[in-house]
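Chemist: Residue numbers (our numbering): 350 to 714. Ideal placement from N, C-alpha and C gives every residue a C-beta, glycine not left out. Everything numeric in this text was worked out from a predicted model, so none of it was measured. Here it is, the structure, as structure tokens.
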């Protein structure tokens with residue numbers, strides 16, 4: 350299936366789970382370390398990329414313990430940032446960093462009460478892309494109550510299309526997308542899409558279709574009937590519901606438009622170049638409906654940043670939100686997650702990806 354969620358959720362979704370943790374003695378009192386909050390963010394989204402980024406601390410902090418970085422959200426399958434991957438770790442490449450001794454990537458100020466850090470980046474943070482504020486361990490209050498683990502606060506900047514300019518960065522074509530929903534329940538949605546873009550005004554019309562593991566693939570060792578062959582990152586027999594590790598696994602998936610497991614959704618939006626190499630996309634709300642499993646995502650909105658990599662491949666990261674998630678008869682809260690998308694050469698894309706329907710003619714036509 351292309352919508353993947355923990356098996357236990359199928360049984361537990363309608364019920365609330367309450368955990369009670371007992372203290373060790375009556376006289377002990379837990380004192381929480383300071384937390385970091387993004388001022389002005391609604392559901393992790395800011396609207397003005399030109400305004401300073403303001404971080405608020407729930408308690409006055411010891412400035413000498415403040416070590417903050419702003420980085421693109423680049424996670425592996427286990428949810429690790431580049432410098433958290435063991436032997437495969439790489440150095441973080443922050444867009445901005447602050448310590449009491451050094452500020453890189455812009456300017457910053459801590460207010461006199463030591464409860465706010467105001468960040469003015471040298472270059473605007475990317476619009477549409479999912480970003481993370483990384484707070485290193487040791488952030489402490491004035492009396493020494495400190496965090497002991499690295500903290501991440503996710504956020505992004507909203508994008509409003511002017512409709513007066515278009516894009517030279519993002520072409521028409523076939524795209525493979527992974528939507529990793531984080532709330533209200535972990536779900537991965539895999540999609541094949543066709544995007545048609547008016548390069549002059551940025552209007553986007555797209556059709557995204559459920560992507561399932563390709564049953565025609567053959568592994569070196571024959572797979573059991575209940576397994577599927579996965580060729581990337583290495584040949585293996587896996588359960589068909591296994592999540593994709595990243596968008597590079599596109600060749601393992603084919604579009605499935607046929608109900609009850611297949612579905613397709615039309616997406617309208619707008620895209621505009623931010624500079625010579627980057628474009629931002631925002632889509633109008635859409636409803637994604639799946640018959641089996643019975644899932645509906647209402648008010649689905651994608652905000653994303655597209656960029657060409659060193660090989661000239663157009664890639665995107667962004668945020669996805671839904672005003673309501675429905676599982677069967679259970680209506681859950683609003684949803685949010687991350688999106689990864691890449692352009693796939695036409696020679697490598699499936700030939701049966703449904704195109705978007707033609708736009709309705711205007712009154713002048």
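Tell me the DSSP secondary structure of residue 696 in three-state form.
Modeler: coil
Chemist: Which same chain residues end up closer than 6 angstroms to residue 690 when comparing Cβ atoms and leaving out the 5 residues on each side of it in sequence?
Modeler: Scanning its chain for C-beta atoms nearer than 6 angstroms, with the 5 sequence neighbours on each side dropped, one finds around residue 690 the residues 524, 526 and 665, in chain order.
Chemist: Would you list the residues sitting across from residue 668 in a DSSP beta bridge?
Modeler: 652 and 687
Chemist: May I have the straight-line CA-CA distance separating residue 618 from residue 419, to the nearest angstrom?
Modeler: 28 angstroms
Chemist: Taking the alpha-carbon positions, what's the residue 587 to residue 603 distance?
Modeler: 16 angstroms
Chemist: Does the pairing of the stretch 504-523 with the stretch 473-483 give three or more beta-carbon distances under 8 angstroms?
Modeler: yes
Chemist: Among 559, 700, 467 and 628, which one has its Cα closest to the Cα of residue 546?
Modeler: 628
Chemist: Going by the DSSP bridge assignment, what does residue 385 pair with across the sheet?
Modeler: 406
Chemist: What residue ranges within the stretch 603-641 form continuous beta strand (DSSP E) runs of no fewer than 3 residues, ordered along the chain?
Modeler: Listed in chain order, the beta strand (DSSP E) runs fully inside the stretch 603-641 are 613-622, 627-632 and 635-639, counting runs of at least 3 residues.
Chemist: To the nearest angstrom, how far is the alpha carbon of residue 401 from that of residue 386?
Modeler: 14 angstroms
Chemist: Just to confirm the assignment, what range does the beta strand (DSSP E) spanning residue 469 have?
Modeler: 465-470
Chemist: Looking only at C-alpha atoms, which of 573, 575, 410 and 566 sits nearest to residue 583?
Modeler: 566
Chemist: Report yes if the CB atom of residue 380 is closer than 7 angstroms to the CB atom of residue 467, and no otherwise.
Modeler: no
Chemist: Distance check for residue 607 and residue 579, CA to CA, integer angstroms please.
Modeler: 22 angstroms
Chemist: If we call anything under 7 angstroms between Cβ atoms a contact, is residue 591 one with residue 614?
Modeler: no
Chemist: Might you give, ordered along the chain, the residues of its own chain that have their beta carbon closer than 7 angstroms to the beta carbon of residue 425, omitting 5 neighbours on each side?
Modeler: 434
Chemist: Using a C-beta cutoff of 7 angstroms, does residue 415 count as contacting chain C?
Modeler: In the displayed structure, chain C is absent; only one protein chain is listed.
Chemist: Would residue 456 and residue 469 qualify as a contact pair, given that the criterion is a beta-carbon distance under 7 angstroms?
Modeler: yes
Chemist: Is residue 449 near residue 412, with beta carbons less than 7 angstroms apart?
Modeler: yes
Chemist: Give the DSSP-derived three-state secondary structure of residue 438 in the structure shown.
Modeler: coil
Chemist: Taking 8 angstroms as the threshold, find out whether the stretch 646-655 comes into contact with the stretch 668-675 through three or more Cβ pairs.
Modeler: yes
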